[in-house]
Amino acid sequence: MSIREHFVIPQRYKLWSYALMAVGLVSIILLYVTHGSSNDEHERARFWASLLQNSVFFLLVVNASMFFICATILAWGGWPMSFRRVPEAIASVVPVIGIISAAILLAIVFGGDHVIYQWTDEKHLDEILQYKSGFLNKKFFTIWTLLTIFLWWILGKKIRDFSISTDKGHMEVEEGKKFIWKNTVWAALFMIVFALTVMSTIPWLWLMSIDAHWYSTMYSWYTFASTFVSGMALIALFVIYLKNKGYLEYTNEEHLHDLGKFMFAFSVFWTYLWFSQYMLIWYSNQPEETKYFEPRVEGVYRGIFFLNIIINFLAPLLLLMKRGAKRNYTTVTLLAVLIIFGHWLDFFQMVHPGPSGDHVPMMMYDMGIGLGFVGLIMFVTGRTLSRNPMVPINHPFFKESVIHHT
Amino acid sequence: MSVKKFIVGSFDDEAVLFPAVKKVRKTGYKIHDVYTPFPIHGLDSTMGLRDTSLHTAGFIYAITGTATALGFISWALTYDWPLNFGGKPFFSLPAWIPITFELTVLFSSVGMVLTFCYLCQLAPFVKKDHFNLRSTDDLFIMAFECTEKTNETEAVAFLQTLGAKNVKVDYRETQWWLGRYDKEIKVFDKKTEVAAV
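In structure tokens, the structure reads:
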């Protein structure tokens with residue numbers, strides 16, 4: 006079988022990515038003019054919160070691709086090999102959005118406003134924030150944020166380089182064993198970094214500290230589940246797109262089935278964490294804990310809060326349950342788009358009630374900025390895909406992926 | 003009780019079994035069943051079996067469990083015997099979700115196990131006849147029924163050309179009956195065919 010090795014970026018794809026990025030830029034400028042340049046610090050916070058929500062969400066989503074790669078490497082899973090270059094290409098967006106996120110986060114911390122991160126107002130800390138100041142302070146925030154993004158980038162790059170090095174030619178058995186071992190070690194390193202960042206400290210610092218007086222031990226897992234399921238949906242979307250264009254000849258509905266299973270399973274996992282976090286706080290009913298849910302469940306964000314459970318739980322649960330649905334390109338595409346939107350909305354209600362708890366800001370700008378990030382992801386992913394062969398045919402596990410059967 | 007006549011081929015390699023199954027189906031013989039010591043990926047689709055509807059049954063059981071839990075708890079705690087737990091409202095859904103979840107899982111798992119046993123005709127004291135006991139050890143057994151139209155010698159020769167190690171025409175009981183394997187040793191008496199391969 007002859008395969009189309011190199012991805013040639015279609016003109017329409019390029020045009021769309023440029024158009025979406027333009028929409029994003031225009032939204033940022035409009036939002037800056039209406040809110041960002043205002044004299045009221047609450048208006049300014051609305052602008053920065055929107056940037057924070059979008060950049061952090063999409064950064065964690067593209068980084069979830071690298072988590073997926075490393076998890077399969079550690080489990081010696083061979084099945085994603087036929088489309089492995091897709092998550093790799095998505096993971097190459099990490100440094101780009103990483104720099105943008107770092108700039109936005111540091112601008113919020115050092116900008117002088119204290120609406121989003123109350124703990125940055127070091128002179129007027131109340132008792133609770135003083136207790137937390139060992140962790141929530143500008144110095145630690147800066148160092149850890151920069152170090153985290155750097156480590157995600159450098160370790161992700163290492164693992165992508167390993168995969169690209171297989172294109173040199175056929176590997177002998179011993180060589181292949183060594184290659185797999187090297188991969189395993191570096192994937193394990195990435196996992197440790199991932200556990201110390203996405204699964205614990207990073208959501209605390211970037212998102213939970215918006216409600217600095219409140220804390221939840223579920224929060225990081227919840228954020229991770231949210232971004233991982235969107236990351237799987239993003240991979241599925243790219244795989245389906247490339248399949249439609251006639252690439253990825255070895256990928257078929259067996260692989261799509263497994264991607265669908267991931268989307269289904271982690272939607273349920275997300276719900277489990279969503280509910281566990283809510284129920285325990287609802288049960289014990291402590292004022293300092295229920296404070297977080299006040300604007301979300303009883304306040305103006307109620308609609309979004311419950312829309313979340315419909316989009317992110319009921320829809321995937323009922324529509325992706327059947328085996329046939331997970332193997333159907335149309336259903337998976339629809340649900341992937343729905344899941345990414347749903348978790349974007351989830352991040353919206355995580356970030357915005359902090360700076361603007363008494364009203365829901367008009368979501369149009371935020372959506373525009375989100376589309377801008379989608380365009381950016383399309384642009385960078387397409388470029389990376391076109392640089393290297395689409396299928397790593399010399400990878401030791403490649404055959405396993407070709408004969409994959411669920 | 004209905005004893006039927008079968009043509010039974012034994013294979014010792016899956017690589018031989020797969021093309022054989024395909025060719026037997028293509029020729030027009032209707033395969034009664036294929037017995038293997040372990041589950042083989044893709045054999046069901048090669049044999050042309052339809053997807054099992056066990057999942058659908060599982061979904062229905064699960065819905066039943068959800069409805070039972072929610073129905074019973076809301077009846078008990080709001081109508082029949084309302085209790086005040088820490089000032090919470092009588093109808094407090096979040097507190098019921100764990101129980102609802104557990105009952106959903108319980109109903110669907112128990113229901114699916116029982117349905118599986120029913121579909122496979124598995125139960126204590128239910129006995130079935132074997133084509134070849136070595137299908138639980140190291141042989142793949144393919145059987146198809148002889149009708150009055152079947153030319154036996156031709157069919158046996160055909161299976162042999164497909165790579166079967168041993169082919170024989172045999173009579174077998176197709177229904178289940180009640181009994182005990184350790185008391186009735188008749189089934190185990192057919193040792194000759196086991197040794198023949």
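So the protein sequences, as listed, match chains A and B.
Each number in this note's numbering corresponds to the 1-based position in the first sequence with 5 added.
Each number in this note's numbering corresponds to the 1-based position in the second sequence with 2 added.
We put the beta carbon where it would ideally sit given N, CA and C, even for glycine.
Minimum Cβ-Cβ distance from residue i to chain B less than 8 Å
| i | result |
| --- | --- |
| residue 287/A | yes |
| residue 283/A | yes |
| residue 40/A | no |
| residue 409/A | no |
| residue 280/A | yes |
Nearest to residue i (by Cα), restricted to the options the options
| i | options | result |
| --- | --- | --- |
| residue 46/B | 60/B, 27/B, 64/B | 27/B |
| residue 372/A | 93/A, 27/A, 397/A | 27/A |
| residue 123/A | 265/A, 47/A, 168/A | 47/A |
| residue 11/B | 174/B, 164/B, 178/B | 164/B |
| residue 200/A | 153/A, 309/A, 403/A, 41/A | 153/A |
| residue 411/A | 263/A, 220/A, 81/A, 310/A | 263/A |
| residue 203/A | 232/A, 94/A, 182/A | 232/A |
| residue 280/A | 335/A, 223/A, 399/A | 223/A |
| residue 386/A | 59/A, 121/A, 246/A, 115/A | 246/A |
| residue 73/A | 236/A, 218/A, 228/A, 307/A | 236/A |
| residue 220/A | 337/A, 381/A, 292/A, 63/A | 292/A |
| residue 426/A | 363/A, 228/A, 339/A | No information on residue 426/A is available, as it lies outside the stretch 6 to 411 that chain A covers here. |
| residue 63/A | 35/A, 103/A, 31/A, 79/A | 103/A |
| residue 157/A | 198/A, 180/A, 185/A, 142/A | 198/A |
| residue 241/A | 95/A, 58/A, 31/A | 95/A |
| residue 58/B | 113/B, 31/B, 99/B, 51/B | 113/B |
| residue 333/A | 260/A, 255/A, 402/A | 260/A |
| residue 119/A | 99/A, 45/A, 227/A, 169/A | 45/A |
Residues of its chain near residue i, where Cβ-Cβ distance is below 8 Å and the 5 sequence neighbours each way are ignored
| i | result |
| --- | --- |
| residue 189/B | Bear in mind that a pLDDT of 49 at residue 189/B, under 50, signals an unreliable position, so the number given afterwards is only what the model happens to contain. Contacts found: 129, 131, 132, 183. |
| residue 23/B | 33, 36, 45, 48, 49, 144 |
| residue 37/A | 52 |
| residue 138/A | 124, 127, 130 |
| residue 196/B | Here the model assigns residue 196/B a pLDDT of 41, short of 50, so the residue's position is not dependable, and the following value carries that caveat. Result list for residue 196/B: 134, 135, 136, in chain order. |
| residue 342/A | 238, 242 |
| residue 270/A | none |
| residue 90/B | 97 |
Presumed contact (8 Å Cβ cut-off) between residue i and residue j, rounded CB distance
| i | j | result |
| --- | --- | --- |
| residue 51/A | residue 252/A | About 42 Å; that fails the 8 Å criterion. |
| residue 70/B | residue 105/B | 6 Å |
| residue 344/A | residue 272/A | 7 Å |
| residue 268/A | residue 238/A | 6 Å |
| residue 83/A | residue 405/A | 3 Å |
| residue 13/B | residue 141/B | 7 Å |
| residue 338/A | residue 330/A | With a Cβ gap of about 11 Å, residue 338/A and residue 330/A do not count as contacting. |
| residue 98/B | residue 116/B | At roughly 26 Å, the Cβ-Cβ gap does not stay under 8 Å, so residue 98/B and residue 116/B are not in contact. |
| residue 278/A | residue 312/A | No, residue 278/A and residue 312/A are not in contact; Cβ-Cβ is about 18 Å, not under 8 Å. |
| residue 370/A | residue 55/A | 6 Å |
Any C-beta of chain A under 8 Å from that of residue i
| i | result |
| --- | --- |
| residue 96/B | yes |
| residue 44/B | yes |
| residue 240/B | The shown model of chain B, from 3 to 199, leaves out residue 240/B, and the question about it has no answer. |
| residue 9/B | no |
| residue 99/B | yes |
Cβ-based neighbour list, residue i, same chain, cut-off 6 Å, excluding 5 preceding and 5 following
| i | result |
| --- | --- |
| residue 294/A | 286 |
| residue 1/B | No answer is possible for residue 1/B: the residues shown for chain B start at 3 and end at 199. |
| residue 225/A | 204, 205, 208 |
Residues near residue i in its chain [Cβ-Cβ closer than 7 Å; skip 5 each side]
| i | result |
| --- | --- |
| residue 176/B | 4, 6 |
| residue 138/B | 39 |
| residue 64/B | 106, 109, 110 |
| residue 207/A | 153 |
| residue 181/B | 127, 129 |
At least 3 beta-carbon pairs within less than 8 Å: the stretch 178-194 of chain A vs the stretch 158-170 of chain A: yes
Inter-stretch contact (C-beta, 8 Å, three-pair minimum) for the stretch 353-367 of chain A and the stretch 298-310 of chain A: yes
Three or more C-beta pairs below 8 Å linking the stretch 142-161 of chain A and the stretch 206-215 of chain A: yes
The stretch 385-400 of chain A contacting the stretch 74-90 of chain A, beta-carbon criterion three pairs below 8 Å: yes
Three or more C-beta pairs below 8 Å linking the stretch 375-389 of chain A and the stretch 15-32 of chain A: yes
Validate contact between the stretch 315-332 of chain A and the stretch 174-191 of chain A using beta carbons, cut 8 Å, 3 pairs: no
Sufficient close CB pairs (3 or more, under 8 Å) joining the stretch 64-72 of chain A to the stretch 131-145 of chain A: no
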